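Numbering (the working numbering), first residue to last: 1 to 489. The structure appears right after this line, and notes come after that.
In structure tokens, the structure reads:
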């Protein structure tokens, strides 16, 4: 491949991803190696040939791992940026110190620190894209490493050619050389007279990536398949396509399973989830976790399998702690995902005397109970049943024994739920309605002098329901956003 052909392919790749825009700002990760040095040269040349007017910034992170060699790389990149006429953003990191403090392996910490740095440079310079020079051999090594370590379909797909550089970031990470082999890159550098540095750690057996690159894959090429890298990349591409299909299917399924979605809380229908194919179940669970976790980096398929075992378990009340400080909890027919926080139990509901008619604040429920009395004309029963408010109930005024009080539930409380064949304890009613134990303390009981008439906001008592002979209606309305969180079925 000659230089002009390479630039044409690069332009087509960028155009297909809507990245061939005029006056764009780019950050290029520059290590000094052949791949990143080639990429920097190519983007500068492409901008000049096509009169794109790009502002290109080179970014170099000194990891502090290779003493004199790293210093030489730093000097090389500084000289390269000056020669090419691009601004340089350079920084030093103490990776060993971060590893010693329990930040992870050297490779993991270096990678995280590098992307944090590149994103910061992009935000500082107003750049929307960070270009890094991962190539096809890097991708094959990544796929092989993930297979050996254990991965799901998403991990099997290898590196994405474009993605957000960090979860939720507006900065895009792009890999324009992902389809090129290492040998092609080095050949282009040689033909073009592009000088570069050699990082000895890339082939060091001290690092997992180095062992895969210099020992394991060469052995597989020699004894099993000379085209093992190509085979790994074909597998990754198939996994990527299947993953895209499953993500689309899961997105459609997710909406149909959603019982509640609030900031910091997602609830799915367990019975409906069980009826889906296992692979779709897994993708739905992953999607729910991803909506709450700051990053999916530590989320493995084993975590998703643990949640699905929870779904199949007949027991209620069990929970699992997941990466990203997310908790999955199964409660009856609901699967709830929420952040891991230490929640204080709600304060007990104080006994309140209810104004009738009038408004009574209920601080513990962050609500207001509004009571009104209305006359019901003959034949108006059907019309009055069309209640405009989801937490509004109409009772037969003349069957209520005043005054009214609102209080917390008590041991042994009984009432006759509207439509039920007979009376039952509140405890049994809550179980039937699948109200989580943690939510029961937030449910108020409105009582007249004979007992409960409304378990807020779930059900009124059969004794006070409207009848054909009803002439006066006691209208009760609970005004509160919080009331929507009480778990009414």
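Ideal placement from N, C-alpha and C gives every residue a C-beta, glycine not left out. For clarity, every value in this text was computed on a predicted model and none was experimentally measured.
DSSP-derived helix/strand/coil call for residue 160: coil
Pairwise C-alpha distance: residue 139 and residue 182: 11 Å
Of the listed residues 401, 91, 276 and 327, nearest to residue 451 (C-alpha basis): 401
Three Cβ pairs or more, each shorter than 8 Å: is that satisfied between the segment 267 to 276 and the segment 331 to 338? yes
Run the CB neighbour count on residue 47, radius 10 Å, all protein chains shown included, and call it buried at 16 or more, exposed below. buried
DSSP-derived helix/strand/coil call for residue 145: helix
What is the residue span of the beta strand (DSSP E) that residue 337 lies within? 334 to 339
Comparing alpha-carbon positions, which option in 470, 121, 428 and 404 lies nearest residue 476? 404
Burial state of residue 226 (16 or more Cβ within 10 Å): exposed
For residue 489, which residues in the same chain have their Cβ closer than 7 Å to its Cβ, ignoring the five residues on either side in sequence? Because the pLDDT of residue 489 is 29, which lies under 50, any placement of that residue in the model is unreliable, and the question is left without a value.
Heavy atom of the ligand COA less than 7 Å from the Cβ of residue 403, yes or no? Because no ligand of any kind appears in the structure shown, any question about the ligand COA cannot be addressed here.
By the three-class DSSP mapping on this structure, what secondary structure does residue 54 have? coil
Check each candidate in 253, 155, 113 and 338 and name the one with the smallest Cα separation from residue 323. 338
If distances are taken between C-alpha atoms only, which option among 39, 311, 191 and 155 comes closest to residue 244? 155
Beta-bridge partners of residue 301, as assigned by DSSP: Answer by DSSP bridge pairing: none, since residue 301 is not bridged.
Look at residue 165 and residue 130 and say whether their C-beta atoms are less than 8 Å apart. yes
With contact counted as at least three CB pairs below 8 Å, one residue from each stretch, are the segment 45 to 59 and the segment 209 to 223 in contact? no
Mind checking who residue 447 pairs with in its DSSP beta bridge? 405 and 452
Just to check my reading of the structure: residue 185 and residue 38 have Cβ atoms closer than 8 Å, yes? What is that Cβ distance to the nearest angstrom? 5 Å
Whole-Å CB distance - residue 6 paired with residue 42, under 8 Å assumed: 7 Å
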